[in-house]
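Chemist:
In the numbering used here, the protein residues as written are 1 to 110.
#1: Report, in whole angstroms, the separation of the C-beta atoms of residue 46 and residue 89, which I expect to be a contact under 8 Å.
#2: Taking the alpha-carbon positions, what's the residue 67 to residue 23 distance?
#3: Which whole-angstrom value is the C-beta distance of residue 20 and residue 53, which I expect to be below 8 Å?
#4: If you run the structure through DSSP and keep just helix, strand and coil, what is residue 30?
#5: Cutting at 7 Å between CB atoms, please list the residues of its own chain near residue 35, excluding the five before and the five after it.
#6: In the DSSP assignment, what residue or residues form a beta bridge with residue 25?
#7: Would residue 61 and residue 32 be called neighbours here (beta carbons separated by less than 7 Å)?
#8: Mind pulling the beta strand (DSSP E) runs of 3 or more residues that sit fully within the region 38–66?
#9: According to DSSP, what are the bridge partners of residue 88?
So, in structure tokens, the structure goes:
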């Protein structure tokens, strides 16, 4: 699949996932953000990377997301017209935590 098509699909999947999560996970005491979308070459797997703030809410959010996988897949199949509907996988993006940790260590060295 061409890189351009993959980028367009990723953006479309991001919009659908964002709208779906805003409707289905009432974020009253935390912030949930989609940080990246990764689509397998054969469009069989959709990896949604996300972050949660504050960190103490991660376990609750992960549990909620796992319970919504099938519903999100159905929503993706309904709104994005492709031959196959990808399996949805949620992955906690810890890159920001790692960045902050490295930054803290570097500042400590000064």
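Glycine included, C-beta positions come from ideal geometry on N, C-alpha and C.
Modeler: Taking the coordinates as given:
#1: Reading the chain shown from its first residue, position 46 is the one you call residue 46. Reading the chain shown from its first residue, position 89 is the one you call residue 89. 7 Å between Cβ atoms; contact.
#2: Residue mapping note: residue 67 aligns to position 67 of the chain shown, counting from 1. Residue mapping note: residue 23 aligns to position 23 of the chain shown, counting from 1. In a straight line, the C-alpha of residue 67 is about 14 Å away from that of residue 23.
#3: Numbered from 1 along the chain shown, position 20 holds the residue referred to as residue 20. Numbered from 1 along the chain shown, position 53 holds the residue referred to as residue 53. Not a contact, Cβ separation roughly 20 Å.
#4: As a working note, residue 30 is residue 30 in the chain shown. DSSP places residue 30 in coil when its eight states are reduced to three.
#5: As a first step, residue 35 must be located in the chain shown, where it is residue number 35. Within the same chain, Cβ atoms closer than 7 Å to the Cβ of residue 35 are found at 49, 50, 51 and 93, the five residues on either side in sequence being excluded.
#6: As a working mapping, residue 25 is identified with position 25 in the chain shown. DSSP, once it has assigned bridges, lists no residue as partnering residue 25.
#7: Residue mapping note: residue 61 aligns to position 61 of the chain shown, counting from 1. Residue mapping note: residue 32 aligns to position 32 of the chain shown, counting from 1. Going by beta carbons, residue 61 and residue 32 fall inside the 7 Å limit.
#8: Qualifying beta strand (DSSP E) stretches, in chain order: 45–53.
#9: Mapped onto the chain shown, residue 88 falls at position 88. According to DSSP, residue 88 bridges with 46.
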